Structures are given as structure tokens and as C-alpha cells.
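As C-alpha cells, the structure follows; a few thoughts come after it.
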Amino acid sequence: MGLFARHQNLHQWFKSQHFGRSATDSRYALLVACLIGILSALAAIILKLGIGWLGGWRVHLVANSSPFLVLPLGGFLLGYSAGWIVEHFSPAAAGVVFPK
Numbered sequence: 048m049g050l051f052a053r054h055q056n057l058h059q060w061f062k063s064q065h066f067g068r069s070a071t072d073s074r075y076a077l078l079v080a081c082l083i084g085i086l087s088a089l090a091a092i093i094l095k096l097g098i099g100w101l102g103g104w105r106v107h108l109v110a111n112s113s114p115f116l117v118l119p120l121g122g123f124l125l126g127y128s129a130g131w132i133v134e135h136f137s138p139a140a141a142g143v144v145f146p147k
């Protein structure tokens, strides 16, 4: 049996096999993958818009008041709120906790 004949036999075998999946399973997997992609794209757009809004808000505050007060205070408040959220909603993400 030549190499070309083996290739054709292997090709026919792959075409005949579903590898344990039906057409419905494949369509469902494709639908789920598309939905995940769409939701991920929407989340990325919302994140980008939120970052732009926050940057514009910061520039507006600095323009209307003292930057030496607004920038450190804003960093402190946002950092403190991020730490509080991690501590209360995801203690495992807080890092290594030393035993008392």
C-alpha cells in the first residue's frame, strides 16, 4: 500500500468520525464560543470607556482645584477602596497571611 493510498484512507477515516460529538454539540459549542467572544468584547469596551471617563474626571478636578491635593488624595482613596474590596469580597486574593 503506497503513501498516497494511506493518506486517502486516513482522510476517509477522519471524515467518517465525529470524535464523540454530534452536530448539535458542535453547534452548541460554536454558539457558546460566539457568546463568550461578544461578551468579552463588550466588557473590553466598557472598561475602555470607564478608564477614559475616570481620566477625564481626574483632569477636570486638577484643573479646578489644587493638583497637590487632588492627585495624592485620589490615589489614596482609589487604592484604599481597592484594598477594602479585595479584603472583604476575596480574602484569598489578598496575599499571604502571617499566622498570629
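When the count follows the numbering used here, it moves up by one through the sequence shown with no breaks and lands on 147 for the last residue. Glycine residues also receive a C-beta, built at the ideal position from the N, C-alpha and C atoms. It should be emphasised that the depicted structure is a prediction, and the values quoted were computed from it without experimental measurement.
Residue 129: first and last residue of the uninterrupted alpha helix (DSSP H) it sits in
Position 82 of the sequence shown, counted from the first residue, corresponds to residue 129. Per DSSP, residue 129 belongs to the alpha helix (DSSP H) from 114-136.
Distance CB(residue 105)-CB(residue 126) smaller than 9 Å:
To locate residue 105, count along the sequence shown from 1; it is residue 58. To locate residue 126, count along the sequence shown from 1; it is residue 79. No, the pair does not count as a contact, with Cβ atoms beyond the cut-off.
Using 9 Å as the threshold, is the C-beta distance between residue 109 and residue 118 below it?
Taking the sequence shown and counting its residues from 1, the one referred to as residue 109 is at position 62. Taking the sequence shown and counting its residues from 1, the one referred to as residue 118 is at position 71. In contact: residue 109 and residue 118 (Cβ atoms closer than 9 Å).
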